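S.K.: Handing you a structure now.
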Amino acid sequence: MILAFAAKQKLVASLPSQAKRAHLTTYRNDEASKATRRVACQATSLNEGIAQFYDASTGLWESMWGDHLHHGYYPAGGATKSNREAQEDMIEEVLEWAGVTEVTKMVDVGCGLGGSSRHLSRKYGCSAEGITLSPFQAKRGNEITQEEGLGEHVHLSVCDALNQPSEWANNYDLVWSLESGEHMPDKKRFVGELVRICAPGGRVIVVTWCHRELSAGETTLRPEEEDLLRKICDAYYLPAWCSAGDYKNLFEAQGMTDVRTADWSNEVAPFWGEVIKSALSVRGVMGLLGAGWTTIKGALVMPLMAQGLTRGLIKFALITGVKN
Numbered sequence: 671m672i673l674a675f676a677a678k679q680k681l682v683a684s685l686p687s688q689a690k691r692a693h694l695t696t697y698r699n700d701e702a703s704k705a706t707r708r709v710a711c712q713a714t715s716l717n718e719g720i721a722q723f724y725d726a727s728t729g730l731w732e733s734m735w736g737d738h739l740h741h742g743y744y745p746a747g748g749a750t751k752s753n754r755e756a757q758e759d760m761i762e763e764v765l766e767w768a769g770v771t772e773v774t775k776m777v778d779v780g781c782g783l784g785g786s787s788r789h790l791s792r793k794y795g796c797s798a799e800g801i802t803l804s805p806f807q808a809k810r811g812n813e814i815t816q817e818e819g820l821g822e823h824v825h826l827s828v829c830d831a832l833n834q835p836s837e838w839a840n841n842y843d844l845v846w847s848l849e850s851g852e853h854m855p856d857k858k859r860f861v862g863e864l865v866r867i868c869a870p871g872g873r874v875i876v877v878t879w880c881h882r883e884l885s886a887g888e889t890t891l892r893p894e895e896e897d898l899l900r901k902i903c904d905a906y907y908l909p910a911w912c913s914a915g916d917y918k919n920l921f922e923a924q925g926m927t928d929v930r931t932a933d934w935s936n937e938v939a940p941f942w943g944e945v946i947k948s949a950l951s952v953r954g955v956m957g958l959l960g961a962g963w964t965t966i967k968g969a970l971v972m973p974l975m976a977q978g979l980t981r982g983l984i985k986f987a988l989i990t991g992v993k994n
């Protein structure tokens with residue numbers, strides 16, 4: 671290999687200057703192409719991992735919690751409620767916070783089993799398109815949709831959120847992403863896609879897991895914080911995290927107006943305790959054993975999610991903006 675490289679360098683040195691430049695340009699283009707392929711390969715591998723994780727775990731989640739695969743809303747001092755009520759309240763509270771009063775066409779980016787899609791379709795009478803990387807989720811979600819008589823209004827399909835159909839441009843007055851942004855390896859491209867498919871005057875809402883804002887003088891999180899997030903990433907197929915402030919900057923860079931953020935970490939604080947409690951039940955343990963190692967690994971890091979929220983490292987963030 672070394673001899674081959676030396677021979678190649680000698681050949682380049684003997685070329686005329688114009689040919690040298692052409693060779694170096696070709697070399698740089700080749701290197702850029704290789705880098706692009708590496709990134710694409712990493713994204714493909716991540717997407718496959720995400721799809722397999724949800725293919726394996728969604729059936730158990732539905733049997734324990736139903737068709738909403740997201741946090742519940744548990745305001746301090748609020749009335750005791752079921753977890754199902756807390757999850758539906760989360761949707762309602764987000765809509766109220768964002769100022770959504772009517773919807774004609776919406777897209778649910780990272781739809782899971784389509785719980786949000788069906789909820790919003792019933793509430794507003796709108797059409798809803800849901801996308802997920804999991805074939806199991808799309809198939810099962812469409813079955814639930816048919817069972818609930820919403821087949822004419824709601825449809826779920828397998829689609830990469832970073833490569834949504836070109837014909838969707840400027841098409842939806844509500845672009846909704848409830849706890850899927852944390853899976854996106856390219857946050858800039860993710861936000862760009864959400865804005866691209868949003869109709870002028872429409873609203874984008876992202877609810878996602880973020881890390882805390884960096885303090886003055888900090889350039890990175892502390893090593894122990896990075897270590898905790900890395901363990902969560904390994905179990906849940908997550909790429910690098912970002913802050914709500916990073917999302918706000920991305921929204922504004924896309925020309926979005928009325929960009930706002932909120933931190934609801936306190937409002938979701940009881941959630942992971944409830945999930946852990948259900949996982950430790952006889953039914954939950956048997957279900958985990960049947961679901962396999964991928965799902966078990968996800969269950970083992972649930973205490974780390976609770977720990978991250980308690981420490982103030984993990985933030986349950988809301989971001990919204992309007993497209994001009």
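Position one of the sequence shown corresponds to residue 671 (our numbering), numbered consecutively onward. In this text, a Cβ means the ideal position worked out from N, Cα and C, and glycines have one as well. All values reported here derive from a predicted model rather than from experimental measurement.
Would you tell me roughly how many angstroms separate the C-alpha atoms of asparagine 840 and arginine 866, rounded to the nearest one?
M.R.: Working through the sequence shown from its first residue, we reach residue 840 at position 170. Working through the sequence shown from its first residue, we reach residue 866 at position 196. Cα-Cα distance, rounded: 6 Å.
S.K.: Assign valine 955 to one of two classes, buried (16 or more other C-beta atoms within 10 Å of its C-beta) or exposed (fewer than that).
M.R.: As a first step, residue 955 must be located in the sequence shown, where it is residue number 285. Answer is exposed; the Cβ neighbour count stays below 16.
S.K.: Using only CA atoms, which one of Leu848, Lys775, Asp737, Pro870 lies nearest to glycine 811?
M.R.: Residue 811 sits at position 141 when you count from the first residue of the sequence shown. When only C-alpha atoms are compared, the closest one is Asp737.
S.K.: Compute the Euclidean distance between the alpha carbons of valine 874 and glutamate 818, then round it to the nearest angstrom.
M.R.: Here residue 874 refers to the residue found at position 204 of the sequence shown. Here residue 818 refers to the residue found at position 148 of the sequence shown. Between valine 874 and glutamate 818, the C-alpha separation is close to 27 Å.
S.K.: In three-state DSSP terms, what is leucine 983?
M.R.: Translated into positions along the sequence shown, residue 983 becomes position 313. Three-state DSSP puts leucine 983 in coil, outside helix and strand.
S.K.: Which class does alanine 692 belong to by DSSP, given the choice of helix, strand or coil?
M.R.: Mapped onto the sequence shown, residue 692 falls at position 22. Residue placement at alanine 692 cannot be trusted, given a pLDDT of 42 that sits under 50; what the coordinates show is reported in the next sentence. The answer is helix: DSSP assigns alanine 692 an H, G or I state.
S.K.: Exposed or buried, what is glycine 991 when buried is set at 16 or more other beta-carbons lying within 10 Å of its beta-carbon?
M.R.: Here residue 991 is taken as the residue at index 321 of the sequence shown, counted from 1. So glycine 991 counts as buried.
S.K.: Work out the CA separation of glutamate 837 and isoleucine 801 for me, nearest whole Å.
M.R.: One-based indexing of the sequence shown puts residue 801 at position 131. One-based indexing of the sequence shown puts residue 837 at position 167. Answer to the nearest angstrom: the Cα atoms are 15 Å apart.
S.K.: With a cut-off of 8 Å, do at least 3 Cβ pairs link the region 978 to 990 to the region 870 to 889?
M.R.: yes
S.K.: Can you list, in chain order, the residues of its chain whose CB lies under 8 Å from that of threonine 728, leaving out five sequence neighbours each side?
M.R.: As a first step, residue 728 is located in the sequence shown; it is residue number 58 there, counting from the start. Hits under 8 Å: Leu739, Gly782, Leu783, Ser804, Phe806, Gln807, Arg810.
S.K.: For glutamate 922, which residues of its own chain have a beta-carbon under 6 Å away from its beta-carbon, when the five flanking residues on both sides are left out?
M.R.: Within the sequence shown, the letter at position 252 stands for residue 922. The residues are Val929.
S.K.: What are the boundary residues of the beta strand (DSSP E) that valine 777 is part of?
M.R.: For the purposes of this step, residue 777 is taken as the residue at position 107 of the sequence shown. Where valine 777 is concerned, the enclosing beta strand (DSSP E) stretches over 775 to 779.
S.K.: Would glycine 957 pass as a contact of serine 847 if the rule is Cβ separation under 9 Å?
M.R.: Taking the sequence shown and counting its residues from 1, one reaches residue 957 at position 287. Taking the sequence shown and counting its residues from 1, one reaches residue 847 at position 177. Cβ atoms of glycine 957 and serine 847: not closer than 9 Å.
S.K.: Return the chain-ordered list of same chain residues with a C-beta closer than 8 Å to the C-beta of arginine 691, the five sequence neighbours on each side being excluded.
M.R.: On the sequence shown, position 21 is the one that residue 691 refers to. The pLDDT assigned to arginine 691 is 43, lower than 50, so where the model puts this residue is not dependable, and the model offers no usable value.
S.K.: Candidates Lys993, Ala961, Leu884, Lys901: which alpha carbon is nearest glycine 998's?
M.R.: The requested residue 998 does not occur in the structure, where the chain is confined to residues 671 to 994.
S.K.: Ignoring anything shorter than 4 residues or poking outside the region 820 to 904, list the alpha helix (DSSP H) runs there in chain order.
M.R.: 857 to 867
S.K.: Straight-line CA distance for valine 824 to alanine 949?
M.R.: Working through the sequence shown from its first residue, we reach residue 824 at position 154. Working through the sequence shown from its first residue, we reach residue 949 at position 279. If I take the Cα positions, the gap works out to 31 Å.
S.K.: Kindly indicate which residue of Asp830, Ser797, Cys829 has the alpha-carbon position closest to the one of threonine 815.
M.R.: If you number the sequence shown from 1, residue 815 lands on position 145. The shortest C-alpha separation from threonine 815 is found at Ser797.
S.K.: Just curious, the beta strand (DSSP E) that threonine 750 is in, first and last residue?
M.R.: Position 80 of the sequence shown, counting from 1, holds the residue named residue 750. No beta strand (DSSP E) contains threonine 750, which DSSP labels as neither H nor E.
S.K.: Under 8 Å by Cβ, that's how I've got leucine 716 and proline 855 pegged, so tell me the actual separation to the nearest angstrom.
M.R.: As a working mapping, residue 716 is identified with position 46 in the sequence shown. As a working mapping, residue 855 is identified with position 185 in the sequence shown. Between proline 855 and leucine 716 the Cβ distance is about 6 Å, and since that is below 8 Å, they are a contact.
S.K.: Specify, as a first and last residue, the run of the alpha helix (DSSP H) that serine 786 falls within.
M.R.: The count along the sequence shown starts at 1 and reaches residue 786 at position 116. 785 to 794 is the extent of the alpha helix (DSSP H) around serine 786.
S.K.: Can you list, in chain order, the residues of its chain with a C-beta nearer than 7 Å to that of glycine 925? Leave out the 5 residues immediately preceding and following it.
M.R.: Sequence index remark: in the sequence shown, residue 925 carries index 255 (1-based). These residues qualify, in order along the chain: Asn994.
S.K.: Does DSSP put threonine 771 in a helix, a strand or coil?
M.R.: Here residue 771 corresponds to residue number 101 of the sequence shown, with the count starting at 1. Three-state DSSP puts threonine 771 in coil, outside helix and strand.
S.K.: From arginine 892 to serine 827, what distance separates their C-alpha atoms?
M.R.: On the sequence shown, position 222 is the one that residue 892 refers to. On the sequence shown, position 157 is the one that residue 827 refers to. Those two C-alpha atoms are separated by around 39 Å.
S.K.: Would you mind working out which of Lys857, Ser913, Glu763 sits nearest glutamate 937, comparing C-alpha positions?
M.R.: Locating residue 937 in the sequence shown gives position 267, where the first residue counts as 1. Checked all of Lys857, Ser913, Glu763; the closest Cα to glutamate 937 is Glu763.
S.K.: Kindly list the residues whose CB is nearer than 6 Å to the CB of phenylalanine 675, restricted to its own chain and excluding five residues on each side of it in sequence; keep chain order.
M.R.: Looking up residue 675 in the sequence shown gives position 5. The pLDDT assigned to phenylalanine 675 is 33, lower than 50, so where the model puts this residue is not dependable, and the model offers no usable value.
S.K.: Ignoring anything shorter than 4 residues or poking outside the region 897 to 981, list the alpha helix (DSSP H) runs there in chain order.
M.R.: Contiguous alpha helix (DSSP H) elements confined to the region 897 to 981 occur at 914 to 923, 935 to 938, 941 to 949, 952 to 961, 963 to 970, 972 to 981, taking only those with 4 or more residues.
S.K.: Suppose contacts are defined by Cβ-Cβ distances below 9 Å. Is glutamate 799 in contact with serine 787 by that definition?
M.R.: On the sequence shown, position 129 is the one that residue 799 refers to. On the sequence shown, position 117 is the one that residue 787 refers to. Yes, these two residues count as a Cβ contact at 9 Å.
S.K.: Using the C-alpha atoms, what's the distance from alanine 910 back to glutamate 894?
M.R.: Position 224 of the sequence shown, counting from 1, holds the residue named residue 894. Position 240 of the sequence shown, counting from 1, holds the residue named residue 910. Taking the straight line joining both Cα atoms gives about 15 Å.
S.K.: If I follow the unbroken beta strand (DSSP E) through glutamate 799, where does it start and stop?
M.R.: Reading the sequence shown from its first residue, position 129 is the one you call residue 799. 797 to 802 is the span of the beta strand (DSSP E), which, as asked, contains glutamate 799.
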